[in-house]
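Data block below; observations after.
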């Protein structure tokens, strides 16, 4: 730091101290007037009583936003991420957590270490040994210090490039205390087809009256980008690492986490804040010929089975009526709390009934009734 920066921080700390002292004096006056504090109690004695727990959000230089990148052998993304974290810090205080998942690429590890040094700690590399998606997300979330976490993929670029999407995202989390997770890529309103959803022409059907931002509550949101309230992600146990093998892709984990957020009392949202581009023309690792069967065969099957056993009708069965009822609850939440921008109702259960659970068309309802033997008979 230069002299002007040091002086500016000193003056800021002095003003914050003075404001805090005035706030403490006012609080003591109120407590004494209410008879809740003995007249001879000193402020220092109150400090003793209240210092057993600290609020980490008040620590100096604490980031508000933590970007989280799962990285695997794509060095073209490194200079881009350097520019992204610089742009984001001009909008909000930010950090970048990188799960460097290939310890056999020392050149990549050296490049990330160099960026960590040049960024003065804004970039935080985590060296792993091919733990891959599900485990990497939990590992990065454990390291992250921001209140809001944004999961990124190492083959994507984001637009707008100035990170101007970050302030409205943080504002939405502030405006909705129960909001635990926000999709930034795509969404589904139900476990089966029939709603208007997911594609760009349906992204602006609702707005939040409090923030004026385009926003909707879906059943599922998709990786990635995807944002989490850090406390909510930890509250529900993070991504289920049992839904994928170590070193393999994590299919269906995003949908399972979405439903788990709802089941735990959190809300799931979607916001059309950004667009994605490609950092290069190289195919993603999950779509390479040597990996596609393991990922979109075995891992997809494993993810589906865990999802159906937890939220459907059994390990090898279907989706069941719990998900139909949850879809309806979310439909009503959208209609009761958000401003409506649509001309045609986007819900297959309609937009008129705000109390009941309207029946699905026969062909769609059949999917929810297909129940094999229960997972456990008791």
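In the working numbering, the protein residues as written are 1 to 378.
We put the CB at the ideal spot given by N, CA and C, even for glycine.
Closest Cα partner of residue i within the set the options
i: residue 139; options: 192, 99 and 230; result: 99
i: residue 279; options: 224, 93, 81 and 38; result: 81
i: residue 96; options: 13, 121 and 294; result: 121
i: residue 112; options: 273, 134, 252 and 79; result: 79
i: residue 344; options: 206, 222, 18 and 326; result: 206
i: residue 213; options: 338, 53 and 85; result: 338
i: residue 275; options: 164, 109 and 219; result: 164
i: residue 187; options: 153, 170, 208 and 258; result: 258
i: residue 69; options: 263, 322 and 135; result: 135
i: residue 242; options: 209, 3, 133 and 324; result: 133
i: residue 350; options: 255, 222, 189 and 226; result: 189
i: residue 307; options: 328, 255, 295 and 265; result: 255
i: residue 127; options: 108, 117 and 366; result: 108
i: residue 225; options: 240, 265, 260 and 137; result: 137
i: residue 154; options: 217, 239, 84 and 144; result: 84
i: residue 162; options: 363, 210, 110 and 86; result: 86
i: residue 196; options: 26, 50 and 348; result: 348
DSSP state of residue i mapped onto helix, strand, coil
i: residue 110; result: helix
i: residue 139; result: helix
i: residue 159; result: strand
i: residue 48; result: helix
i: residue 267; result: strand
i: residue 172; result: helix
i: residue 303; result: helix
i: residue 43; result: helix
i: residue 180; result: strand
i: residue 252; result: coil
i: residue 246; result: coil
i: residue 348; result: coil
i: residue 214; result: strand
i: residue 229; result: strand
i: residue 360; result: coil
i: residue 118; result: helix
i: residue 132; result: helix
i: residue 36; result: coil
i: residue 145; result: coil
i: residue 196; result: coil
i: residue 313; result: coil
i: residue 419; result: What is shown of the chain runs 1 to 378, which leaves residue 419 out entirely.
i: residue 105; result: coil
i: residue 2; result: coil
i: residue 54; result: coil
i: residue 329; result: helix
i: residue 354; result: coil
i: residue 272; result: coil
i: residue 239; result: coil
i: residue 60; result: coil
DSSP beta-bridge partners of residue i
i: residue 187; result: 221
i: residue 339; result: 207
i: residue 95; result: 66
i: residue 71; result: 100
i: residue 125; result: 98
i: residue 278; result: 156
i: residue 150; result: 67 and 227
C-alpha distance - residue i paired with residue j, whole-angstrom precision
i: residue 158; j: residue 92; result: 16 Å
i: residue 184; j: residue 48; result: 45 Å
i: residue 131; j: residue 119; result: 26 Å
i: residue 115; j: residue 75; result: 12 Å
i: residue 320; j: residue 313; result: 5 Å
i: residue 191; j: residue 172; result: 25 Å
i: residue 105; j: residue 298; result: 27 Å
i: residue 203; j: residue 230; result: 25 Å
i: residue 273; j: residue 352; result: 29 Å
i: residue 215; j: residue 233; result: 20 Å
i: residue 311; j: residue 332; result: 20 Å
i: residue 168; j: residue 35; result: 43 Å
i: residue 15; j: residue 24; result: 14 Å
i: residue 52; j: residue 247; result: 42 Å
i: residue 89; j: residue 166; result: 10 Å
i: residue 293; j: residue 342; result: 40 Å
i: residue 335; j: residue 28; result: 45 Å
i: residue 10; j: residue 3; result: 11 Å
i: residue 94; j: residue 354; result: 40 Å
i: residue 227; j: residue 149; result: 5 Å
i: residue 142; j: residue 129; result: 17 Å
i: residue 123; j: residue 146; result: 13 Å
i: residue 262; j: residue 58; result: 29 Å
i: residue 170; j: residue 7; result: 30 Å
i: residue 309; j: residue 151; result: 26 Å
i: residue 222; j: residue 125; result: 25 Å
When you compare the segment 177 to 190 with the segment 261 to 273, are there three or more beta-carbon pairs, one atom per stretch, that lie closer than 8 Å?
yes
Exercise. Taking three-plus beta-carbon pairs below 8 Å as touching, is the segment 243 to 251 in contact with the segment 301 to 311?
Worked result: yes
Checklist entry - Do the segment 60 to 71 and the segment 32 to 42 meet, that is, are 3 or more Cβ pairs less than 8 Å apart? => result no
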